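J.: Read in order, the letters of the sequence shown correspond to residues -22 to -1, 1 to 262 in mature numbering (1 follows the signal peptide of the UniProt record, and there is no 0).
Virtual Cβ for every residue (Gly too), placed ideally from N, Cα, C.
From a predicted model like this one, the values you see are computed outputs, not experimental measurements.
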Amino acid sequence: MFPTKPILFIAVFSLVETFSFADVDTFVYGGCSQPKYFPGSPYESNVNSLLTSFVSSASLYTYNNFTVDGDSPGSVYGLYQCRGDLSSSSGDCTRCVARAVSRLGSLCVGACGGALQLEGCFVKYDNATFLGVEDKTVVVRRCGLPIGYNSDELTRRDSVVGYLAASNGGSYRVGVSGGLLGVAQCTGDLSATECQDCLMEAIGRLRSDCGTAAWGDVYLAKCYARYYARGGHSRANGYGGHQRNNDDEIEKTLAIIVGLIAGVTLLVVFLSFMAKSCDRVKGT
Ligand SMILES: *[C@@H]1O[C@H](CO)[C@@H](O)[C@H](O)[C@H]1NC(C)=O
Ligand SMILES: *[C@@H]1O[C@H](CO)[C@@H](O)[C@H](O)[C@H]1NC(C)=O
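1. Let's see if you can read the secondary structure: which residues bound the beta strand (DSSP E) around threonine 45?
2. Starting from glutamine 174, trace the alpha helix (DSSP H) both ways and give me its first and last residue.
3. Taking just the CA atoms, how far does cysteine 71 sit from leucine 64?
4. So for proline -17, helix, strand or coil by DSSP?
5. Please report the straight-line C-alpha distance between serine 31 and tyrosine 197, rounded to a whole angstrom.
6. Classify serine 37 as helix, strand or coil using the three-state DSSP reduction.
7. In the DSSP assignment, what are the bridge partners of serine 155?
8. Cβ atoms of valine 6 and serine 123: under 8 Å apart, would you say?
9. Could you tell me if the beta carbon of proline 13 falls within a distance shorter than 7 Å of some heavy atom in ligand 1?
10. Among Leu85, Arg77, Cys10 and Ser129, whose alpha-carbon lies nearest the alpha-carbon of glycine 91?
11. So, for glycine 8: in the same chain, excluding its five sequence neighbours on each side, which residues have a beta-carbon less than 8 Å away from its beta-carbon?
12. What ranges does the alpha helix (DSSP H) occupy inside the segment 103 to 161, keeping only unbroken runs of at least 4 residues that lie completely in it?
13. Using the C-alpha atoms, what's the distance from leucine 29 back to leucine 159?
14. Can you give the Cα-Cα distance for isoleucine 181 and alanine 106, rounded to whole angstroms?
15. Could you tell me whether the segment 143 to 155 touches the segment 109 to 117, using the rule of 3 or more Cβ pairs below 8 Å?
16. Provide the residue(s) that pair with tyrosine 202 in DSSP beta bridges, ordered along the chain.
17. Starting from leucine 57, trace the beta strand (DSSP E) both ways and give me its first and last residue.
18. With a 10 Å radius around its C-beta and 16 neighbouring C-beta atoms as the bar for buried, classify asparagine 128 as buried or exposed.
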């Protein structure tokens, strides 16, 4: 009787792990610069060695920056940032960065610069330096469906977002209230003041643009802030995939009902035909 409990616990635990790692790998955005380099140029090998450095460094540090010097204008600059809860020692940061680098490689073939954000990590390279430069450009802003003016929900949202706004928060911040979770992250090249400034911009947009939405994401070039229901996927109750799944479900149900009606009709026709022929048999 002794092993059942631990086994159950391990099974549940590994399920939770699997789910959370699926989230880490979820694609958020990616983009490439217009200018292209010549294939086979020294710049290309500089980009490749920079991206390789990201992956090897991620097993030691959750943030790092690199510059690969080339004859001007051949230098390339880059950084990666893992979300604060992913550790280097466990290999989670490396796995995320490796995935991001490989997706960036296929997304931005030949581009002088590119950036890609997965839920668990961010990678970026360019031929102009952007390291240590604050950049509040809005890259992604999306909100869930409105939950209406339910004051409990709104209070929870405000307190979660309030935690994220606390100026002593550091470059990775988490806020929890009831079932709601808030997460904020700056890239490690920003100073504490710059990080705070960047996050206040993101949080301000979250408050103003996402209004009474059930969840919200604001990704700026160097920081992001988001809130969503704990446990459920962030987009589950928004206007994303779930809505389409519902429609699919409705279509499937309709198809089944139509099929059933057709089947029953055929059966009734068949039975009445049989009854008639039986009558005829009896009659003769
Ligand atoms: C980056 O590369 C593009 C295209 O080759 C070039 O026009 C631009 O001047 C470069 N920028 C820097 C800072 O080298
Ligand atoms: C880049 O990394 C070096 C060490 O690897 C560090 O001294 C420097 O402060 C970093 N720069 C930024 C902008 O993070």
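T.: Per the coordinate set shown:
1. Walking along the sequence shown from the start, residue 45 turns up at place 67. Segment 41 to 46, the beta strand (DSSP E) holding threonine 45.
2. Along the sequence shown, one-based indexing puts residue 174 at 196. It spans 170 to 187 - the alpha helix (DSSP H) in which glutamine 174 sits, taken as one unbroken run.
3. Residue 64 sits at position 86 when you count from the first residue of the sequence shown. Residue 71 sits at position 93 when you count from the first residue of the sequence shown. Whole-angstrom Cα-Cα distance: 6 Å.
4. If you number the sequence shown from 1, residue -17 lands on position 6. Note on proline -17: pLDDT 40, under 50, position unreliable in the model; no value is reported.
5. For the purposes of this step, residue 31 is identified with residue 53 of the sequence shown, where counting begins at 1. For the purposes of this step, residue 197 is identified with residue 219 of the sequence shown, where counting begins at 1. When rounded, the distance between both Cα atoms is 25 Å.
6. As a position in the sequence shown, residue 37 is number 59, starting the count at 1. It is coil, neither helix nor strand.
7. Reading the sequence shown from its first residue, position 177 is the one you call residue 155. Per DSSP, Leu158.
8. Reading the sequence shown from its first residue, position 145 is the one you call residue 123. Reading the sequence shown from its first residue, position 28 is the one you call residue 6. In the sequence under discussion, the amino acid at residue 123 is leucine, which differs from the serine named in the question. No.
9. Position 35 of the sequence shown, counted from the first residue, corresponds to residue 13. Checking the Cβ of proline 13 against ligand 1 gives yes.
10. Looking up residue 91 in the sequence shown gives position 113. Of the candidates Leu85, Arg77, Cys10 and Ser129, the one whose C-alpha sits nearest the C-alpha of glycine 91 is Cys10.
11. Locating residue 8 in the sequence shown gives position 30, where the first residue counts as 1. Correct list, in chain order: Arg81, Leu82, Leu85, Cys86, Gly92, Ala93, Leu94 and Gln95.
12. 129 to 143
13. As a position in the sequence shown, residue 159 is number 181, starting the count at 1. As a position in the sequence shown, residue 29 is number 51, starting the count at 1. About 32 Å.
14. As a first step, residue 181 must be located in the sequence shown, where it is residue number 203. As a first step, residue 106 must be located in the sequence shown, where it is residue number 128. Their backbone Cα atoms lie some 28 Å apart in a straight line.
15. no
16. Against the sequence shown, residue 202 aligns to sequence position 224. Paired residues: Gln163 and Tyr197.
17. Within the sequence shown, the letter at position 79 stands for residue 57. 54 to 60 is the extent of the beta strand (DSSP E) around leucine 57.
18. Mapped onto the sequence shown, residue 128 falls at position 150. Under this definition asparagine 128 is an exposed residue.
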